[in-house]
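Student:
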DNA sequence: CTTACGGCCTGGGTGC
DNA sequence: TGCACCCAGGCCGTAA
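Numbering (my numbering), first residue to last: 1 to 290.
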């Protein structure tokens, strides 16, 4: 499941291979996850890649303008759950579910593989790029503690839902949300507004520590995530709760639980992460039968 | 406006 | 062996 650390790892790998390269040709397999497949065929061949960026969980390939009149554009890639971008030799064996092939002028090839095709690819021009990116919240690694606390502490939704909301913070997914909340000792069902200054401070630090450490370990390979060089990440070895239901909490030895919070499988320690008082819906209590 | 929730996309894994 | 079903994560529409 590519989240911020995995996408960052892929972006770094692509940054080592792509800037300065020109795309020679485009070949597509299934294309229902591509917003406008003909736009790829139209715009990419002959164009030179200027840079590679990550924005939240999005990968951006920025293309050079060939002349003053031409408009600049970017290729926006969201890896979804099982998306994967690799740069390899054209004779390398083709992984199943590979649907995009971009031939490069150095003889190599960019390939996009996506088992479930929950990923998305689109071409965005100058204007639509800013429109698309401005929908997203702050990068947790760029936000100040004040900004982080302000964004999360002012909302009445569950903290798990807020951390996952890409309009609040960009880049967090299920793994790093559960891991951060465990490290900050905050229950996923707590409401943003219920968090004390001290808890928000712990959460800020936890989120940043987890993300930075995960980037150092090249991300988590839980199912089939591989980076741009086709290597697995290693951060799954450092997971403290994610997919550890029934095992012992690393901190207190209690049994890690799994529950559905914000519609997501959620892993937490019931001992270290104290549940908020049960909220009962006002006006929905059944009268006792007489 | 804010929040909660169900459904959709697809295919691998599981269990009968 | 085959097959029905569950589930993953992001996102969108709808309801309260």
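Even for Gly, the Cβ is constructed at its ideal location relative to N, Cα and C.
Can you check DSSP and say which residues form a bridge with residue 114?
Tutor: Taking the first residue of the first chain as 1, we reach residue 114 at position 114. Paired residues: 83.
Student: Compare the beta carbon distance of residue 38 and residue 103 with 8 Å and say whether it is the shorter of the two.
Tutor: Taking the first chain and counting its residues from 1, one reaches residue 38 at position 38. Taking the first chain and counting its residues from 1, one reaches residue 103 at position 103. No, the pair does not count as a contact, with Cβ atoms beyond the cut-off.
Student: Would you check if the distance between the CB atom of residue 59 and the CB atom of residue 34 is smaller than 8 Å?
Tutor: Reading the first chain from its first residue, position 59 is the one you call residue 59. Reading the first chain from its first residue, position 34 is the one you call residue 34. Cβ atoms of residue 59 and residue 34: not closer than 8 Å.
Student: Please report the straight-line C-alpha distance between residue 10 and residue 118, rounded to a whole angstrom.
Tutor: Taking the first chain and counting its residues from 1, the one referred to as residue 10 is at position 10. Taking the first chain and counting its residues from 1, the one referred to as residue 118 is at position 118. Their backbone Cα atoms lie some 17 Å apart in a straight line.
Student: Is residue 204 helix, strand or coil when you go by DSSP?
Tutor: As a first step, residue 204 is located in the first chain; it is residue number 204 there, counting from the start. Residue 204: helix per DSSP, three-state reduction.
Student: Measuring only the C-alpha atoms, how far is residue 282 from residue 271?
Tutor: For this step, residue 282 is matched to residue 282 along the first chain. For this step, residue 271 is matched to residue 271 along the first chain. Here residue 282 scores only 46 on pLDDT, less than 50, and its place in the model is too uncertain to base an answer on.
Student: Scan the segment 27-114 and note each continuous beta strand (DSSP E) run of 3 residues or more that stays entirely inside, going in chain order.
Tutor: Whole beta strand (DSSP E) segments, 3+ residues: 49-55, 58-63, 73-78, 83-88, 98-104 and 109-114.
Student: Looking only at its own chain, which residues have a Cβ that is under 6 Å from the Cβ of residue 6, when we skip the five neighbours before and after it?
Tutor: The residue labelled residue 6 in the question sits at position 6 within the first chain. 219 and 225.
Student: Once DSSP output is grouped into helix, strand and coil, what is the label at residue 239?
Tutor: Residue mapping note: residue 239 aligns to position 239 of the first chain, counting from 1. Coil.
Student: Just the C-alpha distance for residue 115 and residue 97, rounded to the nearest angstrom, thanks.
Tutor: One-based indexing of the first chain puts residue 115 at position 115. One-based indexing of the first chain puts residue 97 at position 97. Distance between the alpha carbons of residue 115 and residue 97 is about 5 Å.
Student: Got a sec, what are the start and stop residues for the beta strand (DSSP E) residue 138 sits in?
Tutor: As a position in the first chain, residue 138 is number 138, starting the count at 1. Careful: residue 138 lies outside any beta strand (DSSP E) and carries neither H nor E.
Student: Tell me which residue opens and which closes the alpha helix (DSSP H) that residue 180 is part of.
Tutor: Here residue 180 is taken as the residue at index 180 of the first chain, counted from 1. Residues 174-184.
Student: Judging by CA-CA distance, which residue of 143, 168, 227 and 29 is the nearest neighbour of residue 205?
Tutor: Position 205 of the first chain, counted from the start, is the residue given in the question as residue 205. For the residues 143, 168, 227 and 29, the minimum Cα distance to residue 205 belongs to 143.
Student: Take residue 50 and list the residues in its own chain whose beta-carbon comes closer than 7 Å to its own, dropping the five residues that flank it on each side.
Tutor: The residue you call residue 50 lines up with position 50 of the first chain. Hits under 7 Å: 19, 62, 63 and 64.
Student: Between residue 1 and residue 222, how many whole angstroms is the CB-CB distance? I'm expecting something under 8 Å.
Tutor: Translated into positions along the first chain, residue 1 becomes position 1. Translated into positions along the first chain, residue 222 becomes position 222. The pair is a contact, with the Cβ atoms about 6 Å apart (cut-off 8 Å).
Student: Please state the DSSP three-state secondary structure of residue 171.
Tutor: For the purposes of this step, residue 171 is identified with residue 171 of the first chain, where counting begins at 1. It is coil, neither helix nor strand.
Student: Across the segment 167-187 and the segment 133-152, are there enough close Cβ pairs to call them in contact, namely three or more that are closer than 8 Å?
Tutor: At 8 Å Cβ cutoff, the stretches touch.
Student: Quick check on this structure: which residue in 232, 134, 238 and 199 has the alpha carbon closest to the alpha carbon of residue 210?
Tutor: On the first chain, residue 210 is found 210 positions in, with the first residue counted as 1. Here the closest residue by C-alpha is 238.
Student: In the structure shown, what three-state DSSP assignment does residue 287 receive?
Tutor: The count along the first chain starts at 1 and reaches residue 287 at position 287. Its pLDDT being 38, under 50, residue 287 is placed unreliably by the model, and the measurement read from it follows with that caveat. Of the three classes helix, strand and coil, the one that applies to residue 287 here is coil, per DSSP.
Student: Hey, quick one: how far does the beta strand (DSSP E) through residue 12 stretch, first residue to last?
Tutor: By 1-based counting over the first chain, the position of residue 12 is 12. Premise fails: residue 12 lies in the alpha helix (DSSP H), 4-17, not in any beta strand (DSSP E).
Student: Among 30, 75, 201 and 84, whose alpha-carbon lies nearest the alpha-carbon of residue 232?
Tutor: One-based indexing of the first chain puts residue 232 at position 232. Here the closest residue by C-alpha is 84.
Student: Who pairs with residue 265 in a beta bridge, going by DSSP?
Tutor: Numbered from its first residue, the first chain carries residue 265 at position 265. Its beta-bridge partners are 260.
Student: Could you check the C-alpha separation between residue 111 and residue 265 for me, to the nearest Å?
Tutor: Locating residue 111 in the first chain gives position 111, counting from the first residue. Locating residue 265 in the first chain gives position 265, counting from the first residue. Each residue's alpha carbon lies about 31 Å from the other.
Student: Which residue from 86, 106, 107 and 235 puts its Cα closest to that of residue 99?
Tutor: Mapped onto the first chain, residue 99 falls at position 99. Comparing Cα positions, the closest option is 86.
Student: Residue range of the alpha helix (DSSP H) that residue 129 falls in?
Tutor: Stepping through the first chain from its first residue, residue 129 is reached at position 129. Per DSSP, residue 129 belongs to the alpha helix (DSSP H) from 126-133.
Student: Considering only DSSP beta bridges, list what residue 193 is partnered with.
Tutor: The residue labelled residue 193 in the question sits at position 193 within the first chain. Residue 193 pairs with nothing; no bridge assigned.
Student: If you drop the 5 nearest sequence neighbours on each side, which residues of the same chain put their C-beta closer than 6 Å to that of residue 184?
Tutor: Along the first chain, read from residue 1 onward, the residue named residue 184 stands at position 184. Result list for residue 184: 202, 203 and 206, in chain order.
Student: Kindly list the residues whose CB is nearer than 7 Å to the CB of residue 242, restricted to its own chain and excluding five residues on each side of it in sequence; keep chain order.
Tutor: Numbered from its first residue, the first chain carries residue 242 at position 242. Once the five neighbours on either side are set aside, the close Cβ partners of residue 242 are 175, 178, 179 and 267.
Student: Could you please give the first and the last residue of the uninterrupted alpha helix (DSSP H) stretch that includes residue 143?
Tutor: Sequence index remark: in the first chain, residue 143 carries index 143 (1-based). Note, residue 143: premise wrong, no alpha helix (DSSP H); not H, not E.
Student: Per DSSP, residue 25 is paired with what?
Tutor: In the first chain, counting from the first residue as 1, residue 25 sits at position 25. Its beta-bridge partners are 103.
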